[in-house]
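Here's the structure, in structure tokens; my notes come after.
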Amino acid sequence: MGRFILHCDLDCFFAAVEIRDNPQYKGKPVIIGADPKEGKGRGVISTCSYEARVFGLHSGMPISQAYRRCPHGIYLRPNFTRYLKASKKVMKIIKQYSEDFQQGGIDEAYIEVSDKCREFSEAKMIAERIQKDICEKVGIGISIGCAPTKSLAKIASDLNKPNGITVFTSENYKEQLKDLDITRIPGIGKKSKVYFYNKGIRTIGNLSDISLNH
């Protein structure tokens with residue numbers, strides 16, 4: 000019997016908590032990180048809402064650059080006490096669905112539900128229940144990837160954000176992965192991207208072709 004692994008990844012976690020606690024921020028570009036007006040604009044973005052990403056903002060971007068692109072955004076300093084409290088509530092919910100639980104960070108976790116499923120449609124139903132529970136009890140969104148391995152589940156969880164559920168089966172995962180940029184693979188960053196691009200390897204499919212032929 001195959002394995003059924005879920006990667007649960009909170010959507011724009013820090014920003015989501017701020018929007019939950021401050022409904023007036025909903026639908027607006029919310030940026031969590033350094034203060035762009037103090038400290039001479041030093042520091043970077045921790046995370047930002049999807050409305051902020053429309054302006055090209057992203058995690059790790061210098062706050063001064065973010066402010067130039069989105070001066071009307073709502074810039075907030077991180078409140079880790081509240082984020083940790085929300086994270087603990089989320090993890091408690093996820094743990095209820097499987098004893099095989101592994102937290103990957105403040106905003107993500109893996110669970111294996113192989114003992115509860117015989118097919119991926121059943122695993123997807125579990126993912127849907129987790130989403131519903133977290134939305135109702137914590138008030139924030141989460142995306143979930145379901146796949147036979149942890150690496151595939153992590154890639155899947157990132158594909159249909161926010162509030163998405165993506166399923167990779169043993170039969171369809173190669174087809175779903177082939178056109179994705181290689182940076183979708185966990186661990187491949189800017190330097191690795193340049194290395195692979197220089198070798199003509201731009202997609203996961205290209206990488207698979209090389210692996211199969213050598």
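The sequence shown: position 93 = 92 (numbering that gives the first Met the number 0), numbered continuously.
We treat Cβ as the ideally placed atom computed from N, Cα and C, and that holds for glycine.
All values derive from a computational prediction rather than experimental measurement.
Excluding five sequence positions before and after P147, the CB atoms of its chain that fall closer than 8 Å to its own CB belong to G1, R2, F3, I4, F167, T168, S169 and Y172, given in chain order. Taking F119 as the centre and dropping the five residues before and after it, the same chain places the C-beta of F3, C145, V166 and T168 closer than 8 Å to its C-beta, in chain order.
The three-state secondary structure of L75, taken from DSSP, is strand. Restricting attention to beta strand (DSSP E) runs no shorter than 3 residues, the region 109-197 encloses them at 141-146 and 164-166, ordered along the chain. Beta-bridge partners assigned by DSSP to T46: I31. Taking all protein chains shown into account, D99 has fewer than 16 neighbouring C-beta atoms within 10 Å of its C-beta and is therefore exposed. Membership of Q102 in the beta strand (DSSP E) is indicated by the continuous run F100 to G104. In this structure, the beta-carbon distance from P61 to V43 falls below 8 Å.
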